[in-house]
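What follows is one structure encoded as structure tokens, with my remarks underneath.
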Amino acid sequence: MLRLIQLELQKLWLNKASRVLIIISFILPFTVLILSSIKINFFGFFTLELGELGIFNFPIIWHITTFFAAQFKFFFAIVVVSMIGNEYSNKTLKQNLIDGLSKKEFILSKFYTIVFFSLCATLLIGLATFLIGLYYSSYTEASIIFREVEFLLAYFVKLVGFFSLCLFLGMLLKRSAFALGFLFLLFITESITYGLMKWKLNETVADGIYNFMPLQSMWNLINQPIQRIVMTKFPEKADIMYDYAVHWYEIAIVLGWTAIFIFLSYRLLKKRDL
Amino acid sequence: MEPILTINNLTKKFGHLTAVKNLSFTINKGNVYGILGPNGSGKSTTLGIVLNVVNKTQGDFHWFDGNTTTHNALKQVGAIIERPNFYPYMTAEQNLKLVCKIKGVEHSKIDEKLEVVGLLDRKNHKFRTYSLGMKQRLAIASALLNDPEILILDEPTNGLDPQGIHQIRQIIKEIAAKGTTILLASHLLDEVEKVCSHVVVLRKGEKLYSGRVDEMINSHGFFELKAEKHQELIAILESHPNIGNVTVEDELITAFLNEPMSASDFNKLMFEKGIFLSHLVKRKESLEEQFLQLTDH
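Those protein sequence lines, which keep their order, are chains A and B. Note that the first sequence covers residues 743 to 1016 in this note's numbering. Note that the second sequence covers residues 181 to 477 in this note's numbering.
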């Protein structure tokens, strides 16, 4: 396993474009996180300090940081798609197989790399959130700090699921640009299908099916936290209540999709004549 | 003899097109084999199948004694196919390190093999800056990294300039001299003739011949003759039992042998008949002539 990860990391790290993208995808979420945590003074008129809003309080901070950090996953998605696209366009996939890598090992080396990257991203976000939280949060008892730490797990699963989808699209279409285009198309298709179902069927059924669709199921893992922030400010407004928790079945659905995408990628490669 | 690769009734169909039809042959240790055939005769497809990148439709093949999986066997095989495929943004050394990791070979082999193909001084240059000839030599170095039991080369001199072709052939000969089994696919006949001891001839996916190069056509060769007494010579040749076909082109007479006969015996015979030859050469058909006969063009 270590050998397969090393193999893939060498391929990625020595490529300037993917190296830059990897660095960006790690650094950008932190920059935003740190920027938002500092006090911004608007020429003495007023100061904007997001920390004062209570968003850096435990446990809500886990929800907020993982949600916003997840929006930066697109940078690494480009890396994932191009690491397949390049293997096809350089014909190095064929050469790797001839050199003695099995098709299974090839897919696994990509998948392990995805898991490895997601793990690093999760650990870093976890650490950063913990430190920022300790600094700003009004509550620092361990029981409160580690409540809702499951958002980190959701973040990890979300990344692995999303990148597995990218891996599959890359294998399917062989070209990075097509794969990214198709990803966008999938997003639109899911929304349109949802709209149609809501119109033709009833809303509960539509919601039920929608929650099983690949992109929506990943989105469901970490619901948007804006409404929750509003809720903490106006606890009396009961009509904006919503379910933002991480549920085991949400994780199960995404893990299911991950397994399907990886298996399909393998099947595709196995059937293909290179 | 120790078999390295055995192919049994292998068939590959691409839709309606049959690229390889019921092909069987065996590669034994220590020989230099050529797979010969016009473009599109199924050479690369056959190699693709045994190298695990093309899926077979029917039949089977096994490496070595048949007890190793193809995946493990390929770690003892070195192969290059048509175009050298490497990561353009990596240097030669980095590319070879990657191959070492795939094959499970020590990094110390890299310099040794780069030396063999004469690229040691360019090892820190990026692959994309290489000329085609250098890329092809790097591919050979990469294929040699694991000191393979067999080296498979598919059209190794395709697209190279004469110097490049010469360099590659020189390297192949040196490797063959060390006793490595080589399988060389080519449509260039002189290439196969110069390096190979055995040959498999394919046409439209079917095997036409497999065996030693010099036994490819069961012939005893022919004489090329010239003499002052032109007509008398032809008359004698046509009546001689050992000689079959006689063709005449201007002054040059070509007489094909039915039975073995040495040039000196023939010369002696002519002398006894009072004919003095001004030109006598005994030849065998070149591989090109044999190949064209086999593939009837």
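The C-beta atom is built at its ideal place from N, Cα and C for all residues, glycine as well. Keep in mind it's a predicted model, so treat the numbers as computed, not measured.
Burial state of residue i, where buried means 16 or more other Cβ atoms lie within 10 Å
i: residue 425/B; result: exposed
i: residue 961/A; result: buried
i: residue 378/B; result: buried
i: residue 370/B; result: exposed
i: residue 308/B; result: exposed
i: residue 755/A; result: exposed
i: residue 883/A; result: exposed
i: residue 287/B; result: exposed
i: residue 252/B; result: exposed
i: residue 383/B; result: buried
i: residue 943/A; result: exposed
i: residue 1018/A; result: The structure shown does not extend to residue 1018/A, since chain A spans only 743 to 1016, so no value can be given for it.
i: residue 972/A; result: exposed
i: residue 358/B; result: exposed
i: residue 266/B; result: buried
i: residue 897/A; result: buried
i: residue 196/B; result: exposed
i: residue 990/A; result: exposed
i: residue 212/B; result: buried
is_contact[residue i, chain B] using C-beta, thresh 7 Å
i: residue 949/A; result: no
i: residue 833/A; result: yes
i: residue 824/A; result: no
i: residue 840/A; result: yes
i: residue 757/A; result: yes
i: residue 843/A; result: yes
i: residue 749/A; result: yes
i: residue 1016/A; result: yes
i: residue 916/A; result: no
i: residue 852/A; result: no
Cutoff 7 Å; reference residue i; Cβ partners in own chain excluding five residues on either side
i: residue 299/B; result: 272, 314, 317, 318, 321
i: residue 192/B; result: 199, 200, 225, 229, 234, 236, 237
i: residue 902/A; result: 856, 857, 860, 1000
i: residue 838/A; result: 848
i: residue 463/B; result: 401, 402, 404
i: residue 209/B; result: 181, 182, 184, 361
i: residue 440/B; result: 400
Min CB distance residue i to chain A below 7 Å
i: residue 450/B; result: no
i: residue 200/B; result: no
i: residue 259/B; result: yes
i: residue 269/B; result: yes
i: residue 372/B; result: no
i: residue 212/B; result: no
i: residue 235/B; result: yes
i: residue 251/B; result: yes
i: residue 255/B; result: yes
i: residue 231/B; result: yes
i: residue 472/B; result: no
i: residue 265/B; result: yes
i: residue 278/B; result: yes
i: residue 274/B; result: yes
6 Å Cβ shell around residue i - same chain, five flanking residues per side excluded
i: residue 1004/A; result: 853, 906
i: residue 889/A; result: 801
i: residue 206/B; result: 183, 186
i: residue 285/B; result: 325, 326
Whole-angstrom C-beta distance between residue j and residue i, which should lie under 8 Å
i: residue 334/B; j: residue 261/B; result: 5 Å
i: residue 821/A; j: residue 763/A; result: 5 Å
i: residue 1010/A; j: residue 913/A; result: 5 Å
i: residue 381/B; j: residue 352/B; result: That belief does not hold up - the Cβ atoms of residue 381/B and residue 352/B are roughly 20 Å apart, past 8 Å.
i: residue 232/B; j: residue 248/B; result: Not really, about 13 Å apart at Cβ, beyond 8 Å.
Neighbour list for residue i in chain E, Cβ cutoff strictly below 9 Å
i: residue 745/A; result: Looking at the structure shown, chain E is missing, and the protein chains on hand are A and B.
Cut-off 8 Å between Cβ atoms - residues of its own chain near residue i, not counting five sequence neighbours on either side
i: residue 354/B; result: 296
i: residue 283/B; result: 255, 325, 326
Could you give the uninterrupted runs of the alpha helix (DSSP H) lying entirely in the region 222 to 284 of chain B, keeping only those of 4 residues or more? 223 to 230, 250 to 253, 272 to 283
At what residue ranges does the region 325 to 376 of chain B contain a whole run of the beta strand (DSSP E), taking only runs of 3 or more? 330 to 334, 361 to 366
At 4 residues or longer, and completely inside the region 401 to 428 of chain B: list those alpha helix (DSSP H) runs for me, N to C. 410 to 419
Continuous alpha helix (DSSP H) assignments of at least 4 residues falling wholly in the region 759 to 838 of chain A: 802 to 812, 815 to 831
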